[in-house]
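Chains as they are written, first to last, in full-length UniProt numbering: chain A, 1 to 340; chain B, 1 to 340.
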DNA sequence: AAATTTTAATTAAACGGTTTAGCCCCTCTC
DNA sequence: GAGAGGGGCTAAACCGTTTAATTAAAATTT
C-alpha cells in the first residue's frame, strides 16, 4: 500500500486548501463547480478514502446504528433484522449487530462499545432481567434507543412489538372452534413481557369459552425447534391426553410436529398444532403450519423508521406501539372428529 | 444528559495531566499504582466513556472487524458467524456484519464503509462474480482480509472452507453402497467454486463406481428450503425415476423431503436423501437427515484466529485451508430394497 | 468611480485522545 | 558530595476532518 491519501494530499497536489477540498467532496455550494469537479476527479485518481472517525470526531455523528437482539440466527429476529437493514440501507447508516443470548452482561458490554464508537442510536430487544439503569445507559449518554419485540415495564421508551395476548387468543380460539377441549401450551417462559402476555392470551381464551385452565397443560421450555422436539415426549405422555397444542412460536411448533411424527402420529390429523410468527418456513413445513402472523417485518421497519426520525429531531411519541396479529390457517390444525 | 466527560475532565478534577490519565486507564507501568487507582475510581464515579474514534485517529487501530457473507439468516453462515463471534469476543474486537446477497455492489460498498471506519480486518465469503480488484480493495488499503466458505481463483488470500468435492463424493458413495443406481443432484449453481467442486465430487463418485453421468439428473436451483421444496415436483417427474437425491445442502434436503412427503411418499424409505453441512437442524428433521459434516464452526474459528494472528503480525501462510468433511448417517437414506 | 454585495477560497481552532522526549526530584554508589 | 540511575509525571505534537470567521477578488449597484 502506498502512502495514506488524505484531504491534505489532495489539497497539496492541487495547490489549494484542505477546507476547500472538504467542502467540495461534500457538495457544498460554497465552492465553484469547476473546482469541485477537479477535486473529485483527483480524489478518485488518488484512491482517496474518507476517514469517518476523524470526521465524526469533529461532527459527533458517526453514522453507526447498533442492533442487539437475543439471537440473530433465530429467524424471528432475522426477519426483523432484514426489515431494519433495508430501511437503514437507504439512509447512509452502517449497522452493528450483536446477540446477547439473554445475558445482561453481554448486552451492557455491547451498549458500552457502541457508546465508545459514538453510535448514533440503538435498537434493542432487551435481555431477560435487564435492570432499569442498563436500559437507560444509552439515552443517559445521548444515544437514542428503540425497543423491539419485547417491552420493559417501568420504561417508557418507544417500543414496537406484536400484541401477544391477542395473537395467542386468536390461535386458541381457532382450536376451540374446531372442537378441541384439552389444549396444551408448549414452550416459552414467564420471564419476559412476551411470555406473560402469551400465557395470558391462552388463559383468557379458555376462560372466555368457559373452559378450565389446567396448569399441568403448560409445558414451558426453550423457544427453538430443539425445544419443541424434546417437549413432544412430555406432551404425549400427559395424563389428560390433549388433542391440540398452542406453541410459543413456529420453531417450537415445527419441532413438536417432528417429535409427534417421530412417535408415529400425524400432526394435523391426530394432534392439532398452532405456531406463532408465521415465519417463511411455516408455509413449507409438513404439514403446512397453522400460525399467527406477527408482523416481524412491520416491527423492524417501524422501529428503524422511528429511530431515523428521532435522529433528525422529529419527536415520535414514546410508548408502546402494538402490531395487530392475524390468523393464518393451514393444515396443521383440523377438527377433533378427524382423530382416529 | 450532563456534560460529556472526557479525559481532561478527569484530569482537572484530580489536578493532574491528561497524559497521566490516559496512561493510567491503559494500565501503563509508567504511572504509580496509587495514582492509577485514584484515576480509575474517578473515571467510574464520573461515568467516563472512552472515545474510541478519538483514540483510533491517533493509533490507527479501531478494534473493528468486518464480516460479510451471502446471508446471515442462512444457518450455514449463521454457524460460521457464531464461531467467529465467540473467537473475536475474547479479544476486544467489535464486529460489523453484513449480507451481500451475492450483489457485488453491496459487497463493495460494505468494504468501503469498513475502510472509512478504519476496520482492522475483514472476513468475507465473496459474492458471485466479484472482480479481482474488489477482492484486493481491502488489502490494497492496508486492511487484511480472510476468505471463508468460498474461494476465488487467481487470488491467493488465506481461505478457509470445506473440501466440497470430497464431501459430496462421500454422500454419493454412501448412496451407491446402499444400492442406488439412479441418483439425482438437487440445488446449487455453477457460478461459485463451491458449486463446481460439489458437482465434480458427485460426477467423480459416479464415474469411479462405473456409472453413467446423466446431465438430466442435475436439477440446479436456490440453496434454500423453498428451493428444495419446489424441486420436488420436477424431481418426482423425472423419466429416469431416481431412487435417491444428493442435495446441495441440508436446507435443500429438508425442503425436498417436505415436498416428497407432500406427494405422499416417505423420504428415507421410498426415496433416499442426503444433505450437506450437518446443521443443528439436520438431526431433528423427520426423518433425521443423513448428511455430511462440513465443519462450519471449525471454518469460522480458524478464520477468526488467522485474522487475529495477522493483526498482531504473525504471518500465517496464505492459500487455501481445506476442512475434511465427514459422513453423518441417519434415517433419510436406506437400502434400495426397502422400496415399496 | 465608489460603495456594496456576492462568490470563492483560506486560516485556524476545534474534536478527544496517544505518545514520547524530557524534566524534576529522590536515592544510591563510590 | 558529585554523578548516575530511575521513578513519576507533564508538555506538546499529532491523528484527519469540519466549520466559523475572515480575506480577496469579482460582480453589481448607485
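Each residue gets a CB set at the ideal place from its N, CA and C atoms; glycine is no exception.
Thinking C-beta only, is residue 253 of chain A closer than 7 Å to residue 175 of chain A?
In the first chain, counting from the first residue as 1, residue 175 of chain A sits at position 175. In the first chain, counting from the first residue as 1, residue 253 of chain A sits at position 253. Their beta carbons are not under 7 Å apart, which means residue 175 of chain A does not touch residue 253 of chain A by this criterion.
Where are the beta strand (DSSP E) runs, 3 residues long or more, that stay fully inside the segment 125-190 of chain B, in chain order?
As far as the segment 125-190 of chain B is concerned, its whole beta strand (DSSP E) runs of at least 3 residues are 145-148, 159-162, 183-186.
Length-filtered (4 minimum) alpha helix (DSSP H) runs lying within the segment 262-325 of chain A:
Segments of the alpha helix (DSSP H) lying fully in the segment 262-325 of chain A: 296-311.
Neighbour list for residue 166 of chain A in chain B, Cβ cutoff strictly below 7 Å
As a working mapping, residue 166 of chain A is identified with position 166 in the first chain. Within chain B, no residue comes near residue 166 of chain A; the closest Cβ sits about 27 Å away, beyond 7 Å.
Specify the secondary structure class of residue 117 of chain B as computed by DSSP and reduced to three states.
Within the second chain, numbered from 1, the residue matching residue 117 of chain B stands at position 117. If DSSP states are grouped into helix, strand and coil, residue 117 of chain B belongs with coil.
How far does the beta strand (DSSP E) with residue 23 of chain B in it extend, from its first residue to its last?
Along the second chain, read from residue 1 onward, the residue named residue 23 of chain B stands at position 23. Run containing residue 23 of chain B: none in the beta strand (DSSP E); it sits in the alpha helix (DSSP H), 18-25.
For the beta strand (DSSP E) that residue 245 of chain A lies in, which residues bound it at each end?
Position 245 of the first chain, counted from the first residue, corresponds to residue 245 of chain A. From DSSP, the beta strand (DSSP E) with residue 245 of chain A extends over 244-247.
Bridge partners of residue 94 of chain A, per DSSP?
Looking up residue 94 of chain A in the first chain gives position 94. DSSP lists A:64 as partners of residue 94 of chain A.
Mind checking who residue 327 of chain B pairs with in its DSSP beta bridge?
Reading the second chain from its first residue, position 327 is the one you call residue 327 of chain B. Bridge partners of residue 327 of chain B: B:292.
Buried or exposed by the 16-neighbour rule on C-beta atoms within 10 Å, applied to residue 190 of chain B
As a first step, residue 190 of chain B must be located in the second chain, where it is residue number 190. Flag for residue 190 of chain B reads exposed.
Hey, quick one: how far does the alpha helix (DSSP H) through residue 354 of chain B stretch, first residue to last?
Within the shown structure, residues of chain B are numbered from 1 to 340, placing residue 354 of chain B beyond reach of any answer.
Please list the terminal residues of the continuous alpha helix (DSSP H) segment that includes residue 55 of chain B.
By one-based count along the second chain, residue 55 of chain B stands at place 55. Residues 52-59.
Closer than 8 Å by beta-carbon distance: list the chain A residues that pair up with residue 226 of chain B, in chain order.
On the second chain, position 226 is the one that residue 226 of chain B refers to. Simply 280, 284.
Determine whether the Cβ of residue 50 of chain A lies closer than 7 Å to any Cβ atom of chain B.
On the first chain, residue 50 of chain A is found 50 positions in, with the first residue counted as 1. Cβ-Cβ to chain B under 7 Å: yes for residue 50 of chain A.
Compare the beta carbon distance of residue 318 of chain A and residue 131 of chain A with 7 Å and say whether it is the shorter of the two.
Translated into the one-based positions of the first chain, residue 318 of chain A becomes position 318. Translated into the one-based positions of the first chain, residue 131 of chain A becomes position 131. Contact: no.
Does DSSP put residue 74 of chain B in a helix, in a strand, or in coil?
Position 74 of the second chain holds residue 74 of chain B. The answer is coil: DSSP assigns residue 74 of chain B none of H, G, I, E or B.
Using the C-alpha atoms, what's the distance from residue 32 of chain B back to residue 23 of chain B?
As a first step, residue 23 of chain B is located in the second chain; it is residue number 23 there, counting from the start. As a first step, residue 32 of chain B is located in the second chain; it is residue number 32 there, counting from the start. Each residue's alpha carbon lies about 10 Å from the other.
Distance, residue 259 of chain A Cα to residue 120 of chain A Cα:
Mapped onto the first chain, residue 120 of chain A falls at position 120. Mapped onto the first chain, residue 259 of chain A falls at position 259. Each residue's alpha carbon lies about 45 Å from the other.
Contact with chain A by residue 86 of chain B, beta-carbon distance below 7 Å:
Numbered from its first residue, the second chain carries residue 86 of chain B at position 86. So, not an interface residue.
Which same chain residues, not among the five before or five after residue 196 of chain B, have their C-beta less than 7 Å away from its C-beta?
As a working mapping, residue 196 of chain B is identified with position 196 in the second chain. Answer for residue 196 of chain B: 190, listed in chain order.
Bridge partners - residue 213 of chain B, DSSP secondary structure assignment
Your numbering for residue 213 of chain B matches position 213 in the second chain. Bridge partners of residue 213 of chain B: none, in fact.
From which residue to which residue does the alpha helix (DSSP H) around residue 233 of chain A run?
Taking the first chain and counting its residues from 1, one reaches residue 233 of chain A at position 233. For residue 233 of chain A, the enclosing alpha helix (DSSP H) starts and ends at 225-236.
Mapping DSSP to helix, strand and coil, what is residue 47 of chain A?
Locating residue 47 of chain A in the first chain gives position 47, counting from the first residue. Residue 47 of chain A: coil per DSSP, three-state reduction.
Below-7 Å beta-carbon distance, residue 263 of chain A vs any chain B residue
By one-based count along the first chain, residue 263 of chain A stands at place 263. So no, residue 263 of chain A is outside the interface.
Name, going along the chain, the residues of the segment 326-337 of chain A whose beta-carbon falls closer than 7 Å to a beta-carbon of chain B.
Listed by position along the chain: nothing, the set is empty.
Contacting positions in the segment 106-120 of chain A - beta carbon closer than 8 Å to chain B:
Answer in chain order: 112, 113, 115, 116, 117, 118.
Whole-Å CB distance - residue 370 of chain A paired with residue 238 of chain A, under 8 Å assumed
As shown, chain A starts at 1 and ends at 340. That puts residue 370 of chain A outside it, with no answer to give.
Simplified DSSP state of residue 221 of chain B, which is helix, strand or coil:
Taking the second chain and counting its residues from 1, the one referred to as residue 221 of chain B is at position 221. Reduced to three states, the DSSP call for residue 221 of chain B is strand.
In terms of alpha-carbon separation, which member of A:288, A:322, A:276, A:95 lies closest to residue 170 of chain A?
By one-based count along the first chain, residue 170 of chain A stands at place 170. Closest option to residue 170 of chain A, Cα to Cα, is A:276.
Relative to the alpha-carbon of residue 35 of chain B, which residue among B:220, B:19, B:185 has its alpha-carbon at the smallest distance?
Within the second chain, numbered from 1, the residue matching residue 35 of chain B stands at position 35. Of the listed residues, the one whose Cα sits closest to residue 35 of chain B is B:19.
Are residue 95 of chain A and residue 65 of chain A touching if we call contact CB-CB under 7 Å?
Numbered from its first residue, the first chain carries residue 95 of chain A at position 95. Numbered from its first residue, the first chain carries residue 65 of chain A at position 65. Closer than 7 Å, so yes.
So which residues of chain B does residue 57 of chain A contact, with C-beta pairs closer than 9 Å?
By one-based count along the first chain, residue 57 of chain A stands at place 57. Those within 9 Å of residue 57 of chain A in chain B are 51, 53, 54, 57.
Buried or exposed: where does residue 30 of chain A fall if 16 or more other Cβ atoms within 10 Å of its Cβ makes it buried?
Mapped onto the first chain, residue 30 of chain A falls at position 30. Residue 30 of chain A sits exposed, since fewer than 16 C-beta atoms from the chains shown fall within 10 Å of its C-beta.
Which residues does DSSP pair with residue 69 of chain B in a beta bridge?
Here the question's residue 69 of chain B lines up with position 69 in the second chain. Among the bridge pairs identified by DSSP, residue 69 of chain B is matched with B:99.
For chain B, check one thing: does any of its Cβ atoms lie closer than 7 Å to the Cβ of residue 349 of chain A?
Outside the shown range of chain A (1 to 340) lies residue 349 of chain A, about which nothing can therefore be said.
State buried or exposed for residue 278 of chain B, treating a residue as buried only when at least 16 other CB atoms are found within 10 Å of its CB.
For the purposes of this step, residue 278 of chain B is identified with residue 278 of the second chain, where counting begins at 1. Residue environment for residue 278 of chain B: buried (at least 16 other C-beta atoms within 10 angstroms of its C-beta).
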